[in-house]
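S.K.:
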Amino acid sequence: MNKFEGRNYCIVTYGCQMNVHESEKIRGELTSLGMIETEDVNKAMVVVFNTCCVREGAEDRAYNNIIALQNLKAENPDLIIVVCGCMPQQRKGKYNLWEKLPFVDIILGTYNISELSEYLLQFAKKKHRIMEILDKPRKDMDVENAVRDDKINAYVNIIYGCNKFCTYCIVPYVRGREQSRNPVDIYNEVKDLVQNKGYKYITLLGQNVNSYGKDLPDPMSFSQLLTQLCRIEGDFKIKFMTSHPMDLGDDLIKVMKEEPKMAKFLHLPVQSGSDAVLSRMNRHYNIKHYMHIIKRCRRLMPTISISTDIIVGFPGETEKDFNKTLKLLKRVKYDQVFAFMYSKRSGTPAANFEDQISEPEKKTRINKLLRLQKIIQQEENKKYFKHSYNCLIKQQNGVAIGITDGGKEIYLPNYKYYNQNYFAYIKVENIRNHKLSGVIDEHK
Ligand code: 5AD
Ligand code: SF4
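Okay, here's the thing in structure tokens:
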């Protein structure tokens, strides 16, 4: 028996799906020590902060929450505090965690979490503070040991890092260069999740999934990987995120259309509607190219759900540039928009660009954009009317409900005791107060 067995741990996660999934791997590590999860930090022997540094706000929030544990640590010297994820990986970031947070016991980079249990055992023995930050994934990280939270959707990493160097983004500096996971490991993991663990959605993760496979000893494309995964038997669907518009080719759109196991969902960050801004962001595409992809997807898959990321207030963004972004939202009519105010990240080129936009101006712009998107989304509800969507059926408060690939809820008022957790087509028959309801479409 080790010192950790039967004791409680608590994980606090910030940031993207990648981090959510990494916290599942952290849970795997702590479970392997016999530990039990709690949401109450006061009960925990180990508290892990899995941090994000993509925007200053996320970083400040994590930092302040870690500082807030200082008193608890003073009262309970047995408490072990671990900080991992993107903040430590930044090295020269706003916060020097090692010096500024002397009460933190273990500091790990993004690629060291697979050894967390060993670091904890080592710390319990020697009581020396530990800091380990690897620059790239270790080879044996390909075999993963995640304990997942969600029982329906499972995240699976397929590629780590990013080679794109968008001028605003810190990710290439904290996650290193692109490194694809071995396709056999991915296949086996997906097969196990679907056939043994009953997962209905598999979401393949990477900063830029479209680059998948280029760096493998036997190179393969992302669309080839998807085709292989779609051969796995079972009632499940595949999603992926995130895609870069520059690398999203016709081969991928074809697989999405032709494979019934491919979810009709695409998250395609555009970042700005202005070509001038896109060029300064180093995004390598223009709006004409972006619209070409959107139109092709919609023509081939009329019910596809499309979402995006937008940055407002990028340095030098004029009122005219911003209006082009609003115009783009009106043209594309996204199902969902994730909008962010530009956040200066030290070490990235854009941090030194002239014409930084003031915070109040960024706020004004983001609010205007979100207001517009809300109206667009409400109007867009109409597009569902009389169309059929392949949905995952669930029970919610005693009523059956279908969830589309894009996450839209369609109520099934006539199906109180319908089977759960399987896919069926639902035809939308009614829209009231922005709520959709329908019936099972037996003809599909
Ligand atoms: N400021 C604001 N938003 C950013 N993103 C990345 N870096 C920054 C930054 N410095 C946004 C982009 C990306 C999403 C994950 O985060 O829109 O697609
Ligand atoms: Fe950041 Fe651009 Fe890479 Fe996305 S593609 S992670 S925005 S550098």
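Here the sequence shown stands for residues 0 to 443, numbered as in numbering that gives the first Met the number 0. For each residue, glycine too, the CB sits at the ideal point set by N, CA and C.
What residue ranges within the segment 263–301 form continuous alpha helix (DSSP H) runs of no fewer than 4 residues, ordered along the chain?
M.R.: Segments of the alpha helix (DSSP H) lying fully in the segment 263–301: 274–279, 286–299.
S.K.: Using a threshold of 8 Å, is the CB atom of Phe221 nearer than that to any non-hydrogen atom of the ligand ZN?
M.R.: What this structure holds is the ligand 5AD and the ligand SF4, not the ligand ZN.
S.K.: Just to confirm, are Asn156 and His20 a CB contact at a threshold of 9 Å?
M.R.: Mapped onto the sequence shown, residue 156 falls at position 157. Mapped onto the sequence shown, residue 20 falls at position 21. In contact: Asn156 and His20 (Cβ atoms closer than 9 Å).
S.K.: Going by beta-carbon coordinates alone, are Ile201 and Val193 separated by less than 9 Å?
M.R.: The residue given as residue 201 occupies position 202 in the sequence shown. The residue given as residue 193 occupies position 194 in the sequence shown. Taking 9 Å as the Cβ cut-off, Ile201 and Val193 qualify as a contacting pair.
S.K.: Return yes when the Cβ of Lys256 is within less than 9 Å of the Cβ of Asp334, no when it is not.
M.R.: To locate residue 334, count along the sequence shown from 1; it is residue 335. To locate residue 256, count along the sequence shown from 1; it is residue 257. For Asp334 and Lys256, no; Cβs fall outside 9 Å.
S.K.: Under the rule that 16 or more other beta-carbon atoms within 10 Å means buried, what is Asp149, buried or exposed?
M.R.: Taking the first residue of the sequence shown as 1, we reach residue 149 at position 150. Burial call: exposed.
S.K.: Are the segment 66–75 and the segment 24–36 touching by the rule of at least three beta carbon pairs closer than 8 Å?
M.R.: Cβ pair count under 8 Å is below three, so no.
S.K.: Ends of the alpha helix (DSSP H) at Tyr383?
M.R.: As a first step, residue 383 is located in the sequence shown; it is residue number 384 there, counting from the start. Careful: Tyr383 lies outside any alpha helix (DSSP H) and carries neither H nor E.
S.K.: With a threshold of 7 Å on Cβ separation, who are the neighbours of Leu369 within its own chain once the five nearest residues in sequence on each side are excluded?
M.R.: Along the sequence shown, one-based indexing puts residue 369 at 370. If we look at Leu369 and ignore the five residues flanking it on each side, its Cβ neighbours are Ala338.
S.K.: Alpha carbon to alpha carbon, what distance is there between His433 and Asn380?
M.R.: Mapped onto the sequence shown, residue 380 falls at position 381. Mapped onto the sequence shown, residue 433 falls at position 434. Looking at the two C-alpha atoms, the distance is approximately 7 Å.
S.K.: What is the DSSP secondary structure of Tyr446, counted as helix, strand or coil?
M.R.: Since the displayed the chain opens at 0 and closes at 443, residue 446 lies outside it and no answer follows.
S.K.: With distances taken from CA atoms, which of Leu327, Pro171, Thr363, Tyr388 is nearest Pro301?
M.R.: Stepping through the sequence shown from its first residue, residue 301 is reached at position 302. Cα-wise, what sits closest to Pro301 is Tyr388.
S.K.: As a quick exercise: from Asn420, Leu204, Ala350, pick the residue whose alpha carbon is nearest that of Ile169.
M.R.: Position 170 of the sequence shown, counted from the start, is the residue given in the question as residue 169. Nearest C-alpha to Ile169: Ala350.
S.K.: Does DSSP put Tyr186 in a helix, in a strand, or in coil?
M.R.: Position 187 of the sequence shown, counted from the start, is the residue given in the question as residue 186. The answer is helix: DSSP assigns Tyr186 an H, G or I state.
S.K.: Under a criterion of Cβ closer than 6 Å to any non-hydrogen atom of the ligand SF4, which residues qualify, in chain order?
M.R.: So the residues near the ligand SF4 by this Cβ test are Cys161, Lys163, Phe164, Cys165, Cys168, Val170, Pro171, Gln206, Asn207, His243.
S.K.: Mind pulling the beta strand (DSSP E) runs of 3 or more residues that sit fully within the segment 33–113?
M.R.: Runs of the beta strand (DSSP E) inside the segment 33–113: 45–50, 79–84, 105–107.
S.K.: Rounded to a whole number of angstroms, what is the C-alpha to C-alpha distance between Gly14 and Phe48?
M.R.: By one-based count along the sequence shown, residue 14 stands at place 15. By one-based count along the sequence shown, residue 48 stands at place 49. Gly14 and Phe48: Cα-Cα distance of roughly 11 Å.
S.K.: Between the Cα of Gly175 and those of Ile65, Thr363, Thr109, spot the shortest distance and give me the residue it belongs to.
M.R.: As a working note, residue 175 is residue 176 in the sequence shown. Considering only alpha carbons, the answer is Thr109.
S.K.: Quick one: which unbroken beta strand (DSSP E) runs of 3-plus residues sit fully inside the segment 228–253? Chain order, please.
M.R.: 236–240, all fully within the segment 228–253.
S.K.: Measuring alpha carbon to alpha carbon, tell me which residue in Leu96, Tyr198, Asn70 is nearest Val81.
M.R.: The sequence position of residue 81 within the sequence shown is 82, counting from 1. Among Leu96, Tyr198, Asn70, the Cα nearest to that of Val81 belongs to Leu96.
S.K.: Can you name, in chain order, every residue of its own chain whose Cβ lies under 7 Å from the Cβ of Phe164, other than the five neighbours on each side?
M.R.: Your numbering for residue 164 matches position 165 in the sequence shown. Counting only Cβ-Cβ distances below 7 Å, and skipping sequence neighbours, we find Pro171, Asn281.
S.K.: Could you check whether the Cβ of Thr317 sits closer than 8 Å to any heavy atom belonging to the ligand 5AD?
M.R.: Working through the sequence shown from its first residue, we reach residue 317 at position 318. No, the Cβ of Thr317 stays beyond 8 Å of every heavy atom of the ligand 5AD.
S.K.: Please state if the CB of Tyr118 and the CB of Glu131 are separated by a distance shorter than 9 Å.
M.R.: To locate residue 131, count along the sequence shown from 1; it is residue 132. To locate residue 118, count along the sequence shown from 1; it is residue 119. Result yes, Cβ atoms of Glu131 and Tyr118 sit closer than 9 Å.
S.K.: Output the boundary residues of the alpha helix (DSSP H) element that contains Leu327.
M.R.: In the sequence shown, counting from the first residue as 1, residue 327 sits at position 328. Here the alpha helix (DSSP H) through Leu327 covers 318–331.
S.K.: Tell me Cys390's beta-bridge partners as DSSP assigns them.
M.R.: Position 391 of the sequence shown, counted from the first residue, corresponds to residue 390. According to DSSP, which records beta bridges pairwise, Cys390 is partnered with Ala423.
S.K.: State the DSSP-derived secondary structure class of Ser116, mapped to helix, strand or coil.
M.R.: Here residue 116 is taken as the residue at index 117 of the sequence shown, counted from 1. Residue state, collapsed to three classes: helix.
S.K.: Given that a residue counts as buried once 16 or more other Cβ atoms are within 10 Å of its Cβ, and exposed if not, what is Phe384?
M.R.: As a first step, residue 384 is located in the sequence shown; it is residue number 385 there, counting from the start. Per the 10 Å Cβ criterion, exposed.
S.K.: Taking the C-alpha atoms as reference points, what is the distance between Arg54 and Leu115?
M.R.: Within the sequence shown, numbered from 1, the residue matching residue 54 stands at position 55. Within the sequence shown, numbered from 1, the residue matching residue 115 stands at position 116. Roughly 26 Å separates the two Cα atoms.
S.K.: Let me know the secondary structure DSSP gives Tyr172 once reduced to three states.
M.R.: In the sequence shown, counting from the first residue as 1, residue 172 sits at position 173. Looking at Tyr172 - three-state DSSP - the assignment turns out to be helix.
S.K.: Examine the Cβ distances between the segment 201–216 and the segment 235–244 and report whether three or more of them are shorter than 8 Å.
M.R.: The segment 201–216 is in contact with the segment 235–244.
S.K.: Specify the secondary structure class of Leu215 as computed by DSSP and reduced to three states.
M.R.: Position 216 of the sequence shown, counted from the start, is the residue given in the question as residue 215. Correct three-state label for Leu215: coil.
S.K.: Using only CA atoms, which one of Met17, Leu29, Thr12 lies nearest to Arg6?
M.R.: Locating residue 6 in the sequence shown gives position 7, counting from the first residue. For Arg6, the nearest C-alpha among the options comes from Leu29.
S.K.: With the cut-off set at 9 Å, would you say Ala454 and Thr50 are in Cβ contact?
M.R.: The shown model of the chain, from 0 to 443, leaves out residue 454, and the question about it has no answer.
S.K.: I'd like to know whether the C-beta atoms of Val427 and Ile402 end up nearer to each other than 9 Å.
M.R.: Position 428 of the sequence shown holds residue 427. Position 403 of the sequence shown holds residue 402. Cβ atoms of Val427 and Ile402: not closer than 9 Å.
S.K.: With respect to the alpha helix (DSSP H) encompassing Asn7, which residues constitute its N-terminal and C-terminal limits?
M.R.: As a position in the sequence shown, residue 7 is number 8, starting the count at 1. That residue, Asn7, is in no alpha helix (DSSP H); its beta strand (DSSP E) goes 7–12.
S.K.: Less than 8 Å between the CB of Met245 and some heavy atom of the ligand 5AD, yes or no?
M.R.: Residue mapping note: residue 245 aligns to position 246 of the sequence shown, counting from 1. Met245 Cβ: outside cutoff for every heavy atom of the ligand 5AD.
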